[in-house]
Amino acid sequence: MAMQCKKCQGKLEVIRSCWRVRMCCRQCGCEYQIHEVADILDEETEELLARYPSIIYD
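So the mapping is simple: this note's numbering equals the position in the sequence shown, first residue as 1, plus 2.
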């Protein structure tokens, strides 16, 4: 099951930029810091995030 946005239930995807990693909803564009959605991370997303050497919580 895909991770869902807390606002609109759209699909969340990992967005990586220079110094941070966020989750972004494809439907409404809402962005979440990783700690905001840590309780709903699925196995696939956890594996993807494990590839990054560090995650900046800003």
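Built from N, CA and C at the ideal position, the CB exists for glycine as well. Note that the structure is predicted; figures quoted are calculated from it, not measured.
Between residue i and residue j, is the Cβ-Cβ spacing less than 8 Å?
i          : j          : result
residue 14 : residue 26 : yes
Which residue's Cα is closest to the Cα of residue i: the options?
i          : options           : result
residue 54 : 41, 32 and 20     : 20
residue 9  : 16, 37, 33 and 24 : 33
residue 12 : 22, 24 and 28     : 28
CA-CA distance, residue i and residue j?
i          : j          : result
residue 35 : residue 16 : 10 Å
Run through the DSSP bridge pairs and tell me what residue i is partnered with.
i          : result
residue 27 : 14
residue 22 : 19
residue 33 : 26
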